[in-house]
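Numbering (this note's numbering), first residue to last: 99 to 406.
We treat Cβ as the ideally placed atom computed from N, Cα and C, and that holds for glycine.
Please read the structure below before turning to the comments.
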Amino acid sequence: MAFTRDSDQRLSRYDNGDALILVIGPSGAGKSTFINNYAKEPVAKVTEGYLACTEAVEAFTGKLPLDSGDLSSKKQLVLVDTPGFLAGDGIRDESKPLKQIAEWLRPKHGPPRLLTGIIYLHDMSVKTIHKEIRMTLSIFSKICGQDAVPMTILVKSHWSADEGCQKRSDALNSGFFSALINAGAESMDINGNTTEETVIQRLLEKDTRKSLIQLQRELEEGKKIPRTAAGKELKRTLEELVRSAVDSKSRSALKRAIKELKPTLAHRIQEMLGWSVSVYLPGHSCLYFSANRSSIGDKASFGSVPGL
99 MAFTRDSDQR LSRYDNGDAL ILVIGPSGAG KSTFINNYAK EPVAKVTEGY
149 LACTEAVEAF TGKLPLDSGD LSSKKQLVLV DTPGFLAGDG IRDESKPLKQ
199 IAEWLRPKHG PPRLLTGIIY LHDMSVKTIH KEIRMTLSIF SKICGQDAVP
249 MTILVKSHWS ADEGCQKRSD ALNSGFFSAL INAGAESMDI NGNTTEETVI
299 QRLLEKDTRK SLIQLQRELE EGKKIPRTAA GKELKRTLEE LVRSAVDSKS
349 RSALKRAIKE LKPTLAHRIQ EMLGWSVSVY LPGHSCLYFS ANRSSIGDKA
399 SFGSVPGL
């Protein structure tokens, strides 16, 4: 099926009969690959590296599948690729993806673009739900709002045939994704039996009543992006990541300082108190040693900040 990239993302106009599907998720989850696999051609740029590949919202337009049934009135299928949040590459402005998504959903010139469905991609090769993944899902939830959850499919990509992958998928559904699933979202695994075509077909079958998602409603109310729920959540997320990074650097610096201080501290105690250090563990996180005062046989223990 032939898909073309829209030349001007902000000025492109879509008919109300078009099926617009937003593809969203963390960097590296496989959003562009999903679109390419569905289109059967490399229309979206992909990378095998660690840096985020999609740097702007890109829409790819093609024909609806022949088996779309009573949806024949729709003129075209539009798959919307989005940049991932929290790429962590130290290069990109982490607030930019939300701004780009907001501007595509609510163009400055023209009405808001009503979505037929939303696909949230999750990379199954990532075995740990780390902080950035949790934060991305939280931002995603604020973009969509509760009303848009039933038009969402949670898609697990990069599937492998091992038994552990299925167990992780089940655990995601009962844990990480449970709130969205309970609110009406569906979960699908691209595992060989289920394909990108299956996912798109399911969204077209659902064809839930089109309405503005939360971010669009807030923009329509006149809110600036930082004042929207998604904007506030992104700000909170970035502040938390900064604090975490500062704490990590401070902890590392303190460890180095303690390591450098240990020999000096031991010798100063020896000089001040006349004690001879009998046990000294310079390779440990904490400084522990006992000392004997030869004149009266006293013993003592010293330690630095525990847990560093």
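Residue i (DSSP reduced to helix, strand or coil)
i: L409; result: Only positions 99 to 406 of the chain appear in this structure, which leaves residue 409 out of reach.
i: F183; result: coil
i: T234; result: helix
i: G273; result: coil
i: L278; result: helix
i: S125; result: coil
i: Y136; result: helix
i: A142; result: coil
i: M249; result: helix
i: V155; result: coil
i: L219; result: strand
i: L196; result: helix
i: I323; result: helix
i: I119; result: strand
i: K254; result: strand
i: V176; result: strand
i: D260; result: coil
i: G160; result: strand
i: D104; result: coil
i: L317; result: helix
i: S285; result: strand
i: L203; result: helix
i: E337; result: helix
i: V344; result: helix
i: R211; result: coil
i: V297; result: helix
i: D63; result: In the structure displayed, the chain extends from 99 to 406; residue 63 sits before or after that span and is not available.
i: D191; result: coil
i: Y378; result: The predicted model places Y378 with a pLDDT of 41, which falls under 50 and marks its position as unreliable; any figure quoted below should be read in that light. Correct three-state label for Y378: coil.
i: G243; result: coil
Minimum C-alpha distance to residue i - residue among the options
i: I119; options: G215, K194, F132, F183; result: G215
i: R300; options: I311, S309, D287; result: D287
i: L175; options: L213, P140, K347, S285; result: L213
i: P205; options: R315, N291, I298; result: R315
i: G208; options: F183, V344, S110; result: S110
i: A157; options: A185, P163, Q198, G126; result: Q198
i: T226; options: G290, D345, C263, E338; result: C263
i: V253; options: E261, D268, G243, D260; result: D268
i: K321; options: Y112, E201, T335, S258; result: E201
i: K229; options: Y112, S346, T335, K161; result: T335
i: I133; options: Y112, D113, N114, Y218; result: Y218
i: P163; options: I298, F238, A142, N135; result: I298
i: E139; options: D113, N114, R103; result: R103
Own chain partners of residue i with C-beta closer than 7 Å, once the 5 adjacent residues on each side are dropped
i: H256; result: G128, D221, M222, S223
i: P324; result: K333
i: E337; result: none
i: V141; result: F101, R103, I133, N134, F158
Other residues of its chain near residue i: CB distance less than 6 Å, five sequence neighbours each side excluded
i: T296; result: none
i: G329; result: I323
i: F274; result: I227
i: N291; result: none
i: D113; result: K173
Proximity test, residue i beta-carbon vs the ligand ATP heavy atom, cut-off 8 Å
i: L162; result: The model depicted lacks the ligand ATP and carries no ligand whatsoever.
Whole-Å CB distance - residue i paired with residue j, under 8 Å assumed
i: V144; j: T131; result: 5 Å
i: D179; j: T152; result: 5 Å
i: E331; j: S193; result: Not really, about 12 Å apart at Cβ, beyond 8 Å.
i: I231; j: P124; result: 6 Å
i: A154; j: F101; result: The pair is not a contact, with the Cβ atoms about 17 Å apart (cut-off 8 Å).
i: E284; j: I251; result: 5 Å
i: P210; j: L203; result: 6 Å
i: K173; j: D116; result: 5 Å
i: I279; j: N289; result: Not quite, the Cβ-Cβ distance comes to about 18 Å (not below 8 Å), so this is no contact.
Contact set for residue i: own chain, Cβ-Cβ below 8 Å, skip 5 residues either direction
i: T234; result: G123, P124, G182, F183, L184
i: D83; result: Here the chain has residues from 99 to 406 only, and residue 83 is not among them.
i: L317; result: A200, L203, R204, P210, I323, T326
i: G243; result: I311, Q312, L313, R315, A327
Below-9 Å beta-carbon distance, residue i vs any chain B residue
i: S272; result: Absent from the structure: chain B. Only one protein chain is present.
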